[in-house]
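Encoded as structure tokens, the structure appears first; notes follow it.
Numbering (the numbering used here), first residue to last: 24 to 249.
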């Protein structure tokens, strides 16, 4: 899996891709995640990436030329270009699984009031992190890279851990506990220390169902109707 992230603020992402799960995957040679400075595709001496909007109004608009040059330099026949935007599909685990099947993701990060709208002609998928506004596309880009890469065998030590996470089967995951068995009068559910793995599996499924029903009734109804 190769992921190229294009941003005018590479310092916001360089620390993230060089740490934790993404670093492990890169060190093992399983994934190739790179952060590119959008200004490398500018041609003026000030390395300008934004300008005022046609028609007036507050804020600055990111110029289309550097993004298109970057996309064309990085794109191959196997590439999928992704743009985080409030108008995109709301990102979920199903989309994560779709991206997992891709060979190469190029993620472009807008900023300020966004990218010149003509960029839509050069993008394959538009992804929303949710119904709220962020300063730029860097956080969604990190979210996409992390969520996809952690599902690749070998990136995390136990792929079974990822496959049992929330949303993988349409439910929230169950609660998990570790030592001590009692903390300030709060006990670990006895079944979890019983050694009865069949009973533990049954408890975990029941807990996942109850957590989903109480915390995400929308997911619970969807699960019931499938």
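All C-beta atoms in this analysis are idealised placements derived from N, C-alpha and C, irrespective of residue type, glycine included.
Note on geometry: alpha-carbon atoms of residue 115 and residue 176 lie some 20 Å from one another.
Below 8 Å, too few C-beta pairs join the segment 103–120 and the segment 69–81 to call them touching: fewer than three. Between the alpha carbons of residue 122 and residue 207 lies a distance of about 44 Å. The Cβ atoms of residue 48 and residue 172 sit closer than 7 Å to each other. Where residue 60 is concerned, there is no enclosing alpha helix (DSSP H), although the beta strand (DSSP E) around it starts and stops at 55–60. In the three-state reduction of the DSSP assignment, residue 190 falls in the coil class, being assigned neither a helical nor a strand state. According to DSSP, residue 209 shares a beta bridge with 206. Rounded to whole angstroms, residue 152 and residue 134 show a C-alpha spacing of 15 Å.
For the pair residue 69 and residue 86, the Cα-to-Cα distance works out to about 14 Å.
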